[in-house]
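This report concerns only the one structure given below.
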Amino acid sequence: MKNFISVNDVRNINQLVAKALAYKANPFADRHLGADKRVGMLFLNPSLRTRLSTQIAAVNLGMEAIVFNVDKEGWALEFEDGAIMSGSTVEHVKDAAPILGQYFDIICIRTFPSLKNREDDYSELVINSFIQYSGVPVVSLESATLHPLQSLTDILTIKESINNSPLQMLAKPKIVLTWAPHVKVLPQCVANSFAQWINAWGEAEFVITHPEDYELSAAYTRGATITHNQDEALKGADFIYVKNWSTFTDYGKIYSNDPLWMLTEEKLRLTNNARVLHCLPVRRNIELSDEILDSSNSIVTQEAGNRVWAAQAVLSEILSPSP
Ligand code: CP
């Protein structure tokens with residue numbers, strides 16, 4: 010694996026999941042792999058889980074992990090080619106990235122979208138600039154449009170739950186991605202990425218449900234059944250992924266915030282006693298009710314814990330010599 014930006018960087022999802030689960034069983038099996046290697050973790054936006062789980066994963070592999078909060082501690086970076094830098098930006102990525110490429114063996118980066126200009130956000134200029142100019146492998150810690158470490162974790166958590174339950178008898182579990190209300194304008198990246206990975210995985214009946222006007226890009230959802238009827242979507246679900254996102258078509262807006270879209274115990278009764286996932290952080294009693302989050306149906310804590318093993322599997326793939 011050269012970079013980890015989307016599911017397209019993965020040759021075999023099930024093999025990567027198996028590797029992650031093997032690390033969960035034996036975290037220090039490959040401590041030699043990252044010896045004398047250094048990972049730079051660049052944050053242009055906040056994080057709890059991604060930052061700490063990836064740091065732990067790197068240390069488990071014997072690497073040194075250095076965190077750099079670019080947004081707070083670094084020079085303001087310019088990404089536009091040919092920019093006349095007379096404004097607030099101090100250093101061009103063309104100059105900064107090759108230096109970081111000398112300091113680090115792998116660069117991990119988190120960068121959120123502006124949610125102002127869809128074309129700019131979906132061009133993934135920030136992460137692509139680091140790939141172009143750093144000269145070392147780049148791992149997305151969530152980009153403008155995708156969150157691949159989260160999605161790999163989500164599939165491994167679903168597989169783990171299936172392996173530990175009567176669901177292993179099912180040919181294909183039913184997985185529902187449902188939109189939820191939120192008070193802030195949020196990116197589409199977690200939902201895009203989840204859809205992209207579940208479609209590529211191909212081992213589930215996949216349904217996406219959201220209010221009208223919240224359509225995601227077809228580039229990620231193609232292959233899923235899409236409905237505006239949440240109750241219909243939830244019928245017989247084995248897993249429910251709850252997530253808010255802002256509008257894609259009329260970009261970066263909140264059209265409605267109907268509280269009836271929040272998942273409740275009553276709605277859960279429509280399902281096959283579904284397990285509930287959420288990437289976190291979650292707004293309690295806005296996105297997801299206390300009664301669900303505090304119930305045994307919620308696997309969000311297990312899911313967040315699994316972020317370590319997903320990150321470790323990805324870093325390990327990048328460190329391992331290609332066959
Ligand atoms: N799910 C997730 O990416 O969490 P953080 O934003 O805390 O890293």
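Following the working numbering, the numbering of the sequence shown begins with 10 at its first residue and continues without gaps. Glycine included, every Cβ here is placed at the ideal spot set by N, Cα and C.
Residue i and residue j: beta carbons closer than 7 Å?
i      : j      : result
Val323 : His287 : no
Ser6   : Ile136 : Any question about residue 6 goes unanswered here, given that the chain covers just 10 to 332.
Lys168 : Val26  : yes
Val145 : Ile116 : yes
Ser97  : Ala85  : yes
Asn315 : Thr166 : yes
Tyr32  : Gln321 : yes
Ala242 : Thr280 : no
Ala227 : Lys183 : no
Arg119 : Ser56  : yes
Trp254 : Gln177 : no
Ser138 : Phe88  : yes
Ala283 : Ile235 : no
Lys244 : Glu214 : no
Val185 : Val147 : no
Per DSSP, what are the beta-bridge partners of residue i in this structure?
i      : result
Cys288 : None; Cys288 has no bridge partner.
Val48  : Ala74, Ile115
Ser149 : Ile118
Glu100 : Leu86
Lys183 : Glu214
Ile263 : DSSP output for Ile263 lists no bridge partner at all.
Lys252 : Trp188
Ser307 : Val285
Phe13  : Val148
Comparing C-alpha positions only, which one of the options sits nearest to residue i?
i      : options                        : result
Phe52  : Leu297, Phe121, Glu214, Leu176 : Phe121
Glu212 : Asn23, Val19, Thr59            : Asn23
Phe203 : Gln321, Leu158, Ser97          : Leu158
Ser152 : Pro330, Asn315, Asn54, His237  : Asn54
Glu275 : Asn253, Ser298, Phe215         : Ser298
Thr273 : Ser255, Asn173, Arg293, Thr256 : Arg293
Leu195 : Tyr32, Phe77, Ile235, Pro290   : Pro290
Ile207 : Asn21, Met10, Lys11, Glu128    : Asn21
Glu326 : Leu179, Leu70, Ala313          : Leu70
Tyr142 : Pro175, Lys103, His156, Ser170 : Lys103
Asp90  : Glu100, Glu300, Asn282, Asn238 : Glu100
Ser265 : Gly83, Ser95, Lys193           : Lys193
Tyr223 : Ala233, Lys262, Ile249, Val199 : Lys262
Arg14  : Leu134, Leu30, Leu61           : Note that residue 14 is Ile in the sequence shown here, rather than Arg. Closest option to Ile14, Cα to Cα, is Leu134.
Thr63  : Ser174, Arg231, Ser170, Ala313 : Ala313
Phe257 : Pro330, Thr187, Leu124, Ala233 : Leu124
Lys46  : Leu30, Gly110, Thr59, Gly83    : Gly110
Val199 : Asn12, Thr59, Lys28            : Thr59
Leu28  : Trp318, Leu61, Ile65           : Strictly speaking, residue 28 in this sequence is Lys, with Leu absent from that position. Residue Trp318 is the option with its Cα nearest to Lys28.
Thr187 : Val79, Gly232, Asp240          : Asp240
Asn173 : Ser331, Leu30, Pro330          : Leu30
For residue i, count neighbouring C-beta atoms within 10 Å of its own C-beta (all shown protein chains included) and say buried if the count is 16 or more, exposed if not.
i      : result
Ile140 : buried
Phe113 : buried
Met50  : buried
His41  : exposed
Ile93  : exposed
Tyr229 : buried
Val309 : buried
Asn238 : exposed
Arg278 : exposed
Leu269 : exposed
Phe37  : exposed
Asn35  : exposed
Lys81  : exposed
Asp303 : exposed
For residue i, which residues of its own chain have a beta-carbon under 7 Å away from its beta-carbon, when the five flanking residues on both sides are left out?
i      : result
Ala67  : Gly43, Val48, Ala74, Leu324
Asn201 : Thr154, Leu155, Leu225, Ser226, Tyr229
Ser307 : Val285, Ile301
Asp39  : Leu70, Ser325
Ser132 : none
Using a Cβ-Cβ cutoff of less than 8 Å, which residues in the same chain neighbour residue i once the five nearest sequence positions on both sides are dropped?
i      : result
Asn126 : Tyr260
Met271 : Ala189, Pro190, Asn294, Ile295, Glu296, Leu297, Ser298
Asp267 : Pro190, Pro220
Leu6   : The shown model of the chain, from 10 to 332, leaves out residue 6, and the question about it has no answer.
Lys11  : Asp18, Pro146, Ile327
Arg231 : Asn208
Ala233 : Leu186, Ala204, Ile207, Asn208, Phe215, Val216, Ile217
Val79  : Leu51, Phe52, Leu53, Leu86
Kindly list the residues whose CB is nearer than 6 Å to the CB of residue i, restricted to its own chain and excluding five residues on each side of it in sequence; keep chain order.
i      : result
Val19  : Leu25
Leu328 : Leu42, Gly43
Ala209 : Val16
Run the proximity test for residue i: is its beta-carbon closer than 6 Å to any non-hydrogen atom belonging to the ligand SAH?
i      : result
Leu155 : In the structure on display, the ligand SAH does not appear, and the ligands it does have are the ligand CP.
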